[in-house]
Every structure is written in structure tokens, then in C-alpha cells.
Amino acid sequence: MTTRREFLRSSALGAAGLTLGTMGLSAKSFSAVRGANDKVRVGIVGFSDRARYTLIPSFQQWADDLNFDIVAVSDIWSLRREEAARFFQKEYGKKVRLFRNNEELYDSGLVDAVIIATSDFQHARHCIEAMTAGCDAYVEKPFAETMEDNRAARDAVKAAGKIVQIGSQRRSAPNYHAANDYIKSGKFGKINMVEMCWNVNQPGRWRRPALVAKCFKKDIDWKRFLINRPYEAFDPRKYLEYRLFWPYSSGIPGQWMSHQIDTVHWFSGLDHPRSVAANGGVYFWKDGRQNFDTMTAVFDYGDDEGKENFQVVYSSRMHNSAGGVKELYFSNGGTLNLDTNKIIPDGGLYPNEAAEMGMKSFLLPESTLPSIEVATSANMGSDPMTSLHMKNWMECVRSRKQTNAPVDVGYNHSVANIMTTAALRTGEKATFDPNTQEVLAGGKVFKY
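Whatever position you read off the sequence shown (first residue = 1), add 314 for my numbering.
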């Protein structure tokens with residue numbers, strides 16, 4: 315009988331056409347880190363649901379082949395540490411060292427690399443800690459929720475020269491690579507519009523009521539949780555349901571939009587929008603949340619030469635799932651649909667319209683991109699896309715080559731996210747000053 319792990323592993327390999335024999339790692343490059351026979355010791359920073367249900371299973375699929383091992387877990391909540399001990403014993407028959415915080419973890423000297431799966435606003439600061447400790451890092455998205463953290467983390471990575479993979483897993487998916495190659499080839503024509511959405515209808519999304527009831531201040535290092543955010547009294551909802559509360563998370567922009575807006579940067583070669591206008595609100599789920607359950611943002615992208623100029627419309631709602639997750643790229647010749655993985659001539663310049671203006675028609679030939687399943691449920695499990703992304707990071711830790719999603723990927727999606735947050739929270743159009751590397755709303759630097 316084929317196990318779930320074996321199935322996911324084989325499907326991930328098949329989807330990308332990859333085998334260990336074609337990783338492109340010479341004997342010399344494979345041993346560049348600590349020797350081909352040396353095990354890479356990995357620590358989990360934050361035993362979150364994302365770590366437990368997706369990142370760790372994805373890692374374990376490649377751990378034996380690439381000689382990696384999870385040896386430690388750092389978490390500031392005693393309950394999570396206890397859960398981690400039971401999880402690794404049950405699922406993998408092993409014991410891991412447990413640490414109350416990252417300082418203890420790094421001081422132990424036990425780890426060479428870390429997987430960071432903490433709260434949204436902590437990712438950048440925890441990345442800085444990893445770089446200071448001399449560790450490679452897989453850093454979940456969003457990379458940062460403020461420009462202060464964004465700049466500091468990028469600078470730390472550049473200075474350390476360590477291997478960093480941002481958790482933008484589309485960057486390791488074969489269908490997205492094929493779409494990028496097609497657009498960059500010129501066959502698609504100029505991007506002139508992008509439409510994106512991410513819609514769910516899940517009352518429990520980002521809610522943890524049962525766990526909140528078990529969460530007590532005496533069991534948590536609350537000050538370490540806050541890091542550089544303004545101090546406020548302990549609130550178990552903000553600790554566990556942080557995605558609903560600013561400034562611990564931007565909610566929809568950081569959680570979902572960061573994935574999709576990153577493909578815009580990748581395919582177009584542009585680092586960030588020129589401007590963002592947005593609005594939204596808590597229209598339906600009146601559960602005390604601060605972050606919006608509905609939002610729409612309009613982005614203006616372009617370069618100084620005018621070679622790339624287009625608009626992106628992004629919308630998301632959490633109370634009606636119609637439309638699901640969509641990414642549609644439009645040119646004058648048709649549509650690239652990353653939901654169906656189809657390139658079609660729909661909307662292209664047909665002969666009769668072209669002839670009226672003495673032009674040639676432009677219709678994209680129908681074609682299909684490589685397919686890979688994208689999981690969108692709350693507890694995703696080890697989906698092939700994340701598995702391939704984790705594998706790429708592990709290979710690069712060995713080879714010391716650049717990952718598919720290096721630090722600039724995270725920096726740039728964070729700029730777009732922060733611009734969106736600024737527009738949503740101020741009601742002003744947001745822009746980005748490339749000289750100061752600050753997001754402006756209504757001409758003023760945006761601060762939380």
C-alpha cells in the first residue's frame with residue numbers, strides 16, 4: 315500500500331520533473347556547507363499549525379535523501395512545546411530538544427538552519443535573529459508588516475550571506491514557472507491588466523476559540539511575543555488569533571495577497587506598485603476582529619521607460635466563497651488563467667476589430683500549462699507546491715545557490731502589502747518612496 319507521504323513525494327517529483335539525480339549538485343557543491351555526510355540540523359521556530367500540518371511534513375519528505383534532521387523546537391508557550399514533543403514522538407519516533415525562546419535555541423549551538431513559522435509580524439524579526447546566529451532560514455510569508463522591519467531584515471540577510479527561502483511557494487511550482495517563461499518570451503504580449511481574488515466562506519478561519527480557552531498568561535512569554543510592537547495587556551485572542559488584529563497582522567493582504575501579488579512582480583520584473591488605492595471593512599463577521607473581512611485594492615504598476623504599464627485589481631471576501639482563488643493575466647492577445655492553467659485567446663484582438671484600424675489581429679494560441687494542485691483549506695497539509703519549495707531550500711542549503719524565493723522576493727511583496735494596509739487604514743492613496751524606502755499615505759510616512 316502506498317502511504318500518503320510516498321504519494322505526495324512521488325506526485326511532487328512528477329509534477330516538476332525532478333529527481334535527486336538531476337538536482338544539479340556536484341560532489342563539490344554538495345559538500346560545500348558541512349560535508350556531504352554531515353547532517354544539517356534544523357530547528358523549528360514556532361510550533362504553529364502551519365509548521366505542524368504543512369512545513370514539517372514537507373520537510374520530512376526530503377530529509378532522509380538530503381541528510382537533514384529536525385532536532386529542536388522553540389516556542390514561547392509551554393502548551394505548544396508539550397505538543398511538539400508528543401508530535402515528533404508519535405509521527406517520527408524521535409525526541410527533539412525544546413526551548414522556551416529563540417535565544418536559548420541559538421545559544422545551545424544545536425542548529426545550522428531554522429524554519430520560521432511564527433506570527434505574521436514576527437517573521438522579519440525572527441529572520442534577523444537567525445541571521446545573527448549564523449543560521450540559514452526558511453521564513454514564512456508575509457516577510458514583514460512594517461517597512462522598519464522589512465528594511466532591517468533584508469539588510470540582515472544581505473550582511474549575513476546565509477541561504478534564505480521566503481515562503482512564497484508559487485516560486486517553486488511548475489505551472490508558475492511555465493507562465494513566467496511564456497510571458498518573458500514575448501509570446502503573451504504586454505501585460506495590460508491583472509485580476510485576482512481569494513474568497514472563502516469559513517466562520518472559523520483564523521479563529522481558535524477552543525485553544526483560546528486554554529491560553530493563560532502564566533504559560534506564555536507575552537513580552538517576547540510583542541517584540542517591538544507597543545505594549546498592551548495580555549490577550550489570548552491576539553496571541554492565537556493574531557491574523558484578525560492589527561498591528562500583529564494585516565490579515566488578508568499579508569496572508570493571501572502576498573502570494574498572488576508576488577507573481578505580478580515575478581512575471582513583470584517590477585519590484586513594487588507605483589500606487590495603491592483600497593477600501594474594505596468588517597462587513598459580516600462581527601466577532602471583535604479589527605482586520606477586514608472584505609477588501610478591494612487597485613494597483614498601478616509601471617516603469618520609468620513606459621515599457622510596462624498596467625493595473626491590478628485584487629479582491630477578497632471571507633463570507634462567500636464564489637469565485638474561489640483566481641489569477642488572471644490579460645494582454646491584447648488573450649488571457650493567461652492560473653486557475654485553469656490555460657492560455658486562451660479570449661478577449662484578444664480579433665480580425666474584424668483589427669481590420670477597422672488597419673492592424674493585424676493578435677490571438678494567443680490555446681495551450682496548457684503544467685498542472686499542480688494548490689491547497690486552500692485552513693489546515694492545508696503537505697501540498698506538492700510547498701513540498702517542492704521546501705525541497706528547493708534544502709538543496710540550496712547544501713549547494714549554497716540562491717533559492718527560488720530569496721529575500722528580495724519577501725521584501726518586495728511586503729512593500730505591496732504595506733502599501734495596501736496603508737491605503738486601507740488611512741483611506742488615502744499609498745505610494746512608495748524609493749529613496750527613503752518608506753510607504754507614504756496621503757504624502758505622509760505610514761506608521762502603525
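Think of the CB as a built atom: it goes at the ideal place given N, C-alpha and C, for glycine as much as any other residue. Treat the numbers as computed from the prediction; the structure is a model and nothing was measured.
Closest Cα partner of residue i within the set the options
| i | options | result |
| --- | --- | --- |
| K814 | E418, D549 and Q625 | The question about residue 814 has no answer here: the residues shown for the chain are numbered 315 through 762. |
| Y556 | H703, V385 and Q436 | Q436 |
| L663 | D576, T649 and E641 | T649 |
| K715 | I477, R411, P567 and F644 | I477 |
| V356 | S362, T577, R411 and R394 | R411 |
| S610 | P371, F760, G741 and E462 | For clarity, residue 610 is Thr in the given sequence; the question names Ser instead. When only C-alpha atoms are compared, the closest one is G741. |
| N634 | V626, N655, T608 and L642 | T608 |
| K537 | G568, A719 and N415 | N415 |
| F746 | P587, N593 and T368 | P587 |
| V626 | I358, W376, G637 and A592 | A592 |
| A365 | K504, V508 and G481 | G481 |
| V508 | S645, G594 and S681 | S645 |
| A636 | A398, I505 and N513 | N513 |
| D576 | G407, L540 and Y615 | Y615 |
| F559 | Q574, I541 and W520 | W520 |
| R465 | A755, Q751 and D697 | Q751 |
| V375 | T654, A744 and P698 | Residue identity differs from the one stated: residue 375 is Gln in this sequence, not Val. Cα-wise, what sits closest to Q375 is P698. |
| V596 | G638, I566, A431 and E619 | I566 |
| K504 | K600, S362, M671 and G620 | G620 |
Exposure label - residue i; buried when at least 16 CB within 10 Å
| i | result |
| --- | --- |
| M673 | exposed |
| S324 | Any reading at S324 needs caution, since the residue's pLDDT is 43, under 50, leaving its predicted position unreliable; the model's value is listed next. Exposed, by the Cβ-count rule. |
| A689 | Note that A689 has pLDDT 45, beneath the 50 cutoff, so the model's placement of it is unreliable and the number below is only indicative. The residue is exposed, with fewer than 16 neighbouring Cβ atoms inside 10 Å. |
| A438 | buried |
| M708 | buried |
| D463 | buried |
| V763 | There is simply no residue 763 to check, as the chain begins at 315 and stops at 762 in what is shown. |
| E459 | buried |
| N515 | exposed |
| G647 | buried |
| S340 | For S340, the predicted model reports a pLDDT of 37, less than 50, meaning its position is unreliable and no value from the coordinates is stated. |
| N262 | This structure cannot settle anything about residue 262, because the visible part of the chain is limited to 315 through 762. |
| M571 | buried |
| M461 | buried |
| T316 | With a pLDDT of 39 at T316, under the threshold of 50, the predicted position of this residue should be treated as unreliable, though the coordinate-derived value follows. Label assigned to T316: exposed. |
Span separating the alpha-carbon of residue i from that of residue j
| i | j | result |
| --- | --- | --- |
| F401 | I390 | 17 Å |
| V387 | G360 | 7 Å |
| L683 | Y496 | 10 Å |
| C449 | D660 | 48 Å |
| M642 | F530 | In the sequence as displayed, the identity of residue 642 is Leu instead of Met. So the two alpha carbons sit approximately 45 Å from each other. |
| R631 | P517 | 12 Å |
| H491 | W580 | 10 Å |
| S392 | S589 | 44 Å |
| A377 | R551 | 35 Å |
| R543 | Y562 | 8 Å |
| G568 | K455 | 7 Å |
| T717 | P665 | 44 Å |
| V753 | V759 | 6 Å |
| G328 | K761 | Bear in mind that the predicted position of G328 carries a pLDDT of just 43, short of 50, making it unreliable; the figure below should be weighed with that in mind. G328 and K761: Cα-Cα distance of roughly 46 Å. |
| L652 | L678 | 15 Å |
| I370 | K656 | 32 Å |
| S691 | T368 | Reliability of the predicted coordinates at S691 is poor, the pLDDT of 43 falling under 50, and the value obtained from them is presented with this limitation in mind. Looking at the two C-alpha atoms, the distance is approximately 11 Å. |
| S582 | A719 | 16 Å |
| T700 | F373 | 9 Å |
| A730 | H440 | 21 Å |
| A547 | D379 | 46 Å |
| N541 | S433 | According to the sequence shown, residue 541 is Ile rather than Asn. C-alpha separation (whole angstroms): 11 Å. |
Boundaries of the alpha helix (DSSP H) in which residue i is found, first to last residue
| i | result |
| --- | --- |
| T432 | Segment: none, T432 is in no alpha helix (DSSP H) and carries neither H nor E. |
| E397 | S392 to Y406 |
| I732 | V721 to T740 |
| S486 | Here S486 belongs to no alpha helix (DSSP H), and DSSP marks it neither H nor E. |
| I370 | I370 to L380 |
| V526 | P523 to V526 |
| A700 | For the record, residue 700 in the displayed sequence is Thr; it is not Ala. Segment P698 to S713, the alpha helix (DSSP H) holding T700. |
| M552 | The question names Met, but residue 552 is Lys in the sequence shown. P550 to L554 is the extent of the alpha helix (DSSP H) around K552. |
| N464 | M461 to A474 |
| T577 | S572 to S582 |
| R538 | W536 to L540 |
| Y420 | N416 to D421 |
Residue i at chain B interface by Cβ criterion, 8 Å
| i | result |
| --- | --- |
| N381 | The displayed structure is made up of one protein chain only, and chain B is not part of it. |
Boundaries of the beta strand (DSSP E) in which residue i is found, first to last residue
| i | result |
| --- | --- |
| N513 | M507 to N513 |
| R631 | N623 to R631 |
| A744 | A744 to D747 |
| E670 | No beta strand (DSSP E) contains E670, which is instead part of the alpha helix (DSSP H) from P665 to E670. |
| M609 | T608 to G616 |
| I477 | Segment: none, I477 is in no beta strand (DSSP E) and carries neither H nor E. |
Next on the checklist: Whether or not the region 500–519 and the region 724–736 are in contact is what I'm after, with contact meaning three or more pairs of Cβ atoms, one per stretch, closer than 8 Å; do they touch?
Outcome noted: no
Item to check | Cβ contact (3+ pairs, closer than 8 Å) linking the region 438–449 and the region 467–485 | outcome: yes
Item to check | Inter-stretch contact (C-beta, 8 Å, three-pair minimum) for the region 413–428 and the region 510–527 | outcome: In short, these stretches do not touch, since the Cβ pair count stays below three.
Item to check | Cβ contact check for the region 479–492 and the region 595–608: 3 or more pairs under 8 Å | outcome: Verdict: no, contact absent.
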